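Here is the structure we will look at.
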Amino acid sequence: MLYAVVLLPFLFAAIVPLTKRWHSLHPGWAVIPLPTAIFLYLLSLIPDIRAGQLHRAEAVWAPSLGIDFGLYLDGLSMLFALLISGIGALVVLYSIFYLNKRMEALRQFYVYLLLFMGAMLGVVLSDNMMVLYGFWELTSITSFLLIAFWHRRERSRYGALKSMLITVFGGLAMFVGFLMLYTMTGTFSIRETINELDVLATGKLFIPAMVLILLGAFTKSAQFPFHIWLPDAMEAPTPVSAYLHSATMVKAGLYLVARMSPIFSGQESWFWIVSVTGLVSLLYGSLKAIRQTDLKAMLAYSTISQLGLIMCLLGLGSAAAFYPGTVEGMFFAAATTAAIFHIINHAIFKGTLFMVVGIIDHETNTRDLRKLGGLMSMMPITFTAALAGTFSMAGIPPFNGFLSKEMFFTAVLNIQQFDVLHSETWLVLFAVIAWIASIFTFVYSMILVFKTFAGPFSKDKLNARPHEASLGLLLSPVILASLTLVFGFFPNILSSTLIEPAMASVHRNLLAAGEQFAVSIHLWHGWTPEVFMTIGVIAVGVLLYMAYGRLRIMDRERDGGFSLDRLYDRLLRILEQGSNRITNTYMTGSKRHYLLYIFTFLIIALGSTLIRADGIHLGMVEYAPVSFYEIIIIVVMLTAALFVPFANSRVVAILFTGAVGYMVTLLFVIFRAPDLALTQMIVETVSVVLFLICFRFFPRLKKEAAAVSSKVRNIMISVGVGLVMMFVALAAIGSSPFEPISEYFVKESYHAAGGKNIVNVILVDFRGFDTLFEIMVLGIATFAIFSMVKLRMEPGPASARVNDMTGAARLIPYPKSNDVILKTITKIAAAIITIFSFHLFLAGHNSPGGGFVGALMASAALILLAVSFGTDLLSRVLAVNFRMVTATGLLIAIATAAGSFIFGAPFLSHAFGHFYLPILGDTELATAVLFDLGVFLAVTGVTMNMILTIGGDREWN
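For the record, in the sequence shown the residue sitting at position 126 is 126 according to UniProt numbering, with numbers rising by one throughout.
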């Protein structure tokens, strides 16, 4: 079921566009059952997790690389998965009433949201670091799409790009850190890495790996100085902001730190880096928040502050690792308890406040504090929800935020007894800074609620008189606001169900076998130092709030001066300008120059390797005799190749190039390789037709007199490439230290894959990854060709642009054949070729053929029809969208490859067997045929899409 939790959001994302035909149904109603079902399913597993039982799901992915698709659910991943699904369901409900069905691209929105949800669930449930990294970067990509949802706004595009660049940079650093851990332990499994602490502690890469992984966590969780992306991400629709910045995107960094704590928490550097970075982010975010006049900007900086608080707590909690199995360890581990509790509380009150701000914006068309005020009487329910959210964020009793804030004060006071580092004086600053930051947290919380809802109502500053939002829009924030009180009065509902199992995941070294954490949270502990600190926060906070706007530290944001945002913009401009200058030096627009670069590099790289490498032997001991026919074919092939550079027209050059290809086909025939011969022959035929079609868009060939030096240079490079490749071929024959793998394929093709055609078995089974990636590349290429041609060509009748002798563009009609005999023969020949293509496809597993050559043969039949009757007529008669054919083929191939997971087999595993079928009798059936069907459709779609797109089709199927 864990696979369903991760994969179902991606499946639903594929299904959402199909709801387009249900015009009256808001797509959000089709989406909301999924996160709700996941949330309820996870709730049902809480008793198992409390009992210490782990839920696992493992599927082999790439065992030779140590990568498997392993998922596991423990207390920590349970906590985050519940937040992702639970808050996700409320956000979807909220978005149904927030987003206008007629004006928004809603299906696109929900596709992005579901992809993001699936990626986040993948992050928190993955055990393999490489799989985690893949989902991690997918969250960056999908959040980019969500933030840029209103892509016509320049600020939306800017914020989306900024968030992706910073978080992807951190993700790449984290990726290198994971590789370092793998180098030391030989495993990508997080659970297995934790068991290798003795090996890790002595590794030279341990500290660099730790720093790189923390870079990934800090950039994702918007810690100072990487926080600058989060305020600009507020340009996203409010439901996106509520989801990304309360329960998901920014929480990923916190999850990573908590998950990696068992590995790194015994290091002093981990304690200082994590706790100090969090403390700085806490203070900086709270100071910046009170300067904002935009409600969402204020919430953005408050999020930075609250994330810093949690990060600081996770750092302080790591002190427990210095006292494993002792009372002192439990004493310091209370900071981690506070962090886990505040993760829940922050998701609740921040989700509430984002939704409240969205309602205010929705009803007043502004988020500017300078225009708002007096909304309390007009929007009483919204005000009540806002009051609960802000009081919880400010840490005022009896709301849940008060409890975790008190626990935070306890942690910063307790850390002063941490004498391992002999820096008790510095540790006092934790309590001081925490108290100051809490004062500013109180101030911006009061500003947010009372400057918006209290005071006079400025009717002249608003376009219309606001009113209370609809029930559907209020439902989600009211539910979350209610939880701030429920968990404030009854916090131990969370203690045994979520907090204790999560603590066991983070501090497993503090527990003996069979032992469990016991967490008890109470609203009142007596007159403790923490209570007096809270009273001081409220007293000083009230004074500062009353002085709001008069103190310099609370002035509004000013333009000019240094800021990290301006530094980012400046660095980005420098990178863009530098890359443009470098690129312009070699991107001259001349294909000749590009080929010179490529071939020169090829000669230097391969040539130097051949010269410097040891054990290189050219050739082999014994060669097969060369027949008379082979000599004739080679002479013809060389002659045709030599004529190509001296051809006076492109048509002649292409014909000579085709002649070279057909000679290679004859060589394959002589060498008894029918599959290769068929493929080569059809590829040459299709290529010649494609080249000839492209000529309609080219200017006339003009041969300019080249300098002698250029000719000498070209000759030297061409000869050099030929010699280098010849020596590489000879070295490959004579220097391989391994036995030829061909013997393995000959022996195992039928026994292991059930096919007698070794070539086809290699393509769809032994080397199926190569084939899958090849058709994916072909699919991407054909979509790119279609997009470029469609953008460059204006709609109109089939025609082509050419340049006359003066260089001016003119249109000429697309030539069509009027030969009756050709058309008559074509109808018969195309039918025969098509039938033969199906034979090649079906027989390919045991006889010459296969999906690739069968697709090329079918395409050849269609191309023959296009040459005889014209591409436009062919498009109208067939009425086939070949781009959809390509996509269908890719989908079938990927689905077949992934289907092996159902049976616990590695990706792209195939099965075969013999079955008795009516009429047919004993018949061999193999899943490789399904994969080959995907190849057949993809290659057919790719070929015909290119032919019809470049060939002048204006229907744009």
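For every residue, glycine included, the Cβ atom is placed at its ideal position computed from N, Cα and C.
None of these values were measured; they are calculated from a predicted model.
So LEU73 is in the beta strand (DSSP E); what residue range does that whole segment cover? 71-73
Looking at LEU79 and GLY351, is the spacing between their C-beta atoms short of 8 Å? no
Just to confirm the assignment, what range does the beta strand (DSSP E) spanning TRP61 have? 60-62
May I ask which residues mark the beginning and end of the beta strand (DSSP E) holding ALA320? Careful: ALA320 lies outside any beta strand (DSSP E) and carries neither H nor E.
Taking the continuous beta strand (DSSP E) assigned at HIS342, which residues delimit it? Per DSSP, HIS342 belongs to no beta strand (DSSP E); it is in the alpha helix (DSSP H), 327-364.
The beta strand (DSSP E) enclosing ALA57, as first and last residue numbers: 55-57
Return the residue from the list SER627, ASN648 and VAL660 that minimises the CA-CA distance to residue 969. The chain is shown from 1 up to 957; residue 969 falls before or after that span and cannot be answered.
Contained beta strand (DSSP E) runs [length at least 3] in the stretch 459-541, N- to C-terminal order: none
Burial state of PHE489 (16 or more Cβ within 10 Å): exposed
Using the Cβ count rule (16 or more neighbours within 10 Å means buried), how would you classify residue 972? This structure cannot speak to residue 972, because the chain is shown only from 1 to 957.
In whole angstroms, what separates the C-alpha of ILE825 from that of LEU25? 53 Å
Check the DSSP bridge columns for PHE68 and list the partner residues they point to. With the sequence shown as reference, residue 68 is identified as Asp, and Phe is not the correct amino acid for it. Partner(s): VAL60.
Going by Cα to Cα distance, which pick from SER868, LEU462, PHE331 and SER787 is closest to HIS362? LEU462
Can you look up ARG954 in the DSSP assignment and give me helix, strand or coil? Low confidence applies here, because ARG954 scores a pLDDT of 45, under 50, leaving its location unreliable; read the following figure in that light. Correct three-state label for ARG954: coil.
Which partner residues does GLY913 have in the DSSP bridge list? LEU925
Work out the CA separation of VAL689 and GLY658 for me, nearest whole Å. 10 Å
Going by the beta-carbon positions, is the gap between LEU42 and ALA81 smaller than 8 Å? yes
Same chain only: Cβ atoms within 7 Å of PHE402, ignoring 5 sequence neighbours per side: GLY395, ILE396 and GLY488
With distance defined between alpha-carbon atoms, name the residue in ASN584, PHE226 and PHE188 nearest to residue 958. Outside the displayed span of the chain (1 to 957) sits residue 958, for which this structure offers no information.
Under a three-way DSSP split, which group does SER859 fall into? helix
Got a sec? Which residues, its chain only, sit under 6 Å from PRO740 by beta carbon, not counting five neighbours each side? none
Grouping DSSP H, G and I as helix and E and B as strand, with all else coil, what is SER377? coil
CA-to-CA distance, HIS910 to LEU937, given in whole angstroms: 19 Å
Looking only at DSSP bridge pairs, what is ASP294 linked to? ASP368
Does VAL519 pass the burial test, meaning 16 or more other C-beta atoms within 10 Å, or should it be called exposed? buried
What residues match up with ASN128 in a beta bridge as DSSP calls it? SER189
Would you say VAL759 and ASP819 are within 8 Å of each other, going by their C-beta atoms? no
By the DSSP assignment, the alpha helix (DSSP H) with ASN714 in it spans what residues? 708-735
Taking the beta carbon of GLU406 as the centre, do at least 16 other beta carbons fall within 10 Å, making it buried, or is it exposed? buried
Any idea what DSSP makes of THR806, helix, strand or coil? Residue placement at THR806 is flagged as unreliable, the pLDDT there being 39, under the threshold of 50; the coordinate-derived value follows with that caveat. Coil at THR806, not helix or strand.
Measuring alpha carbon to alpha carbon, tell me which residue in HIS55, ALA14 and PHE440 is nearest LEU113. ALA14
Could you check whether GLY768 and LEU908 sit closer than 8 Å to each other, using their CB atoms as the reference points? yes
With 16 other CB atoms within 10 Å as the buried threshold, where does THR806 fall? Note that THR806 has pLDDT 39, beneath the 50 cutoff, so the model's placement of it is unreliable and the number below is only indicative. Answer is exposed; the Cβ neighbour count stays below 16.
Rounded to a whole number of angstroms, what is the C-alpha to C-alpha distance between LEU692 and LEU655? 10 Å
Just to confirm before moving on: does the CB-CB distance between VAL356 and ALA335 stay below 8 Å? no
Out of curiosity, what's the CA-to-CA distance linking THR142 and LEU115? 7 Å
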